[in-house]
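Residue numbers (our numbering): 2 to 213.
What follows is a single structure, written as structure tokens, with notes after it.
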């Protein structure tokens, strides 16, 4: 059986290839600049098949958004943080979040695109809202356990902690070129990653720890 025949007999595989091609295209050209023909080329299929599976560009874009948020949330829930001591779990979560953003720049570009669109499409997805609840649930559990052990302050908002972690992780990826050019042109990418990863951990722990 030829590769072409296999692809025709594998609709789920085709859908995955279309989603992967759409992520690359949307990340590179944005929602408005991307073309279905480009996505089809990445997926080694036709525009007609893209429309057959996803109807139109807007619905495909929303499904790509759902896929990337599902992936990062699954990454977090797979860390087994509940088995770790609270401070260890928090460090692990921050480091894993930072590493994920670094290794998935297309996710970050897609988020930037959606912010440029003022959240026009993400607000249409109930699935994303449901998926992202797990991010706060993870943090809630770590913070509560740390508070019960007298390690973390009680006057802290889970969303604020999530925003703090996210802000450093996102900034490192979204502003890496301009920030490095302006403030640290002599530093290597490896140095920048190490410094900002540690900054994310230090800032988070100092924000939530009880004073000695």
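Yeah, the Cβ is synthetic: ideal placement off N, Cα and C, and Gly gets one too.
I need the straight-line Cα distance from residue i to residue j, nearest angstrom please.
| i | j | result |
| --- | --- | --- |
| residue 20 | residue 213 | 50 Å |
| residue 120 | residue 131 | 16 Å |
| residue 199 | residue 51 | 43 Å |
| residue 211 | residue 165 | 17 Å |
| residue 113 | residue 175 | 8 Å |
| residue 61 | residue 122 | 11 Å |
| residue 88 | residue 170 | 19 Å |
| residue 134 | residue 118 | 23 Å |
| residue 143 | residue 90 | 7 Å |
Tell me, which residues are paired with residue i by DSSP?
| i | result |
| --- | --- |
| residue 210 | 153 |
If you count every other CB in all the chains shown that lies within 10 Å of the CB of residue i, and 16 or more means buried, which is it?
| i | result |
| --- | --- |
| residue 111 | buried |
| residue 182 | exposed |
| residue 195 | exposed |
| residue 188 | exposed |
| residue 153 | buried |
Residues in its own chain within less than 6 Å of residue i by CB, not counting five upstream and five downstream?
| i | result |
| --- | --- |
| residue 162 | 140 |
| residue 35 | 26 and 27 |
| residue 16 | 54 |
Using a Cβ-Cβ cut-off of 7 Å (strictly less than) and excluding sequence neighbours within five positions of residue i, which residues of its own chain qualify?
| i | result |
| --- | --- |
| residue 80 | 93, 94 and 97 |
| residue 73 | 101 and 108 |
*Decide if the segment 144 to 159 is in contact with the segment 96 to 106; the criterion is three or more beta carbon pairs, one per stretch, under 8 Å apart.*
no
*Are at least three pairs of beta-carbons, each pair with one atom in the segment 127 to 147 and one in the segment 196 to 208, less than 8 Å apart?*
No contact exists between the segment 127 to 147 and the segment 196 to 208.
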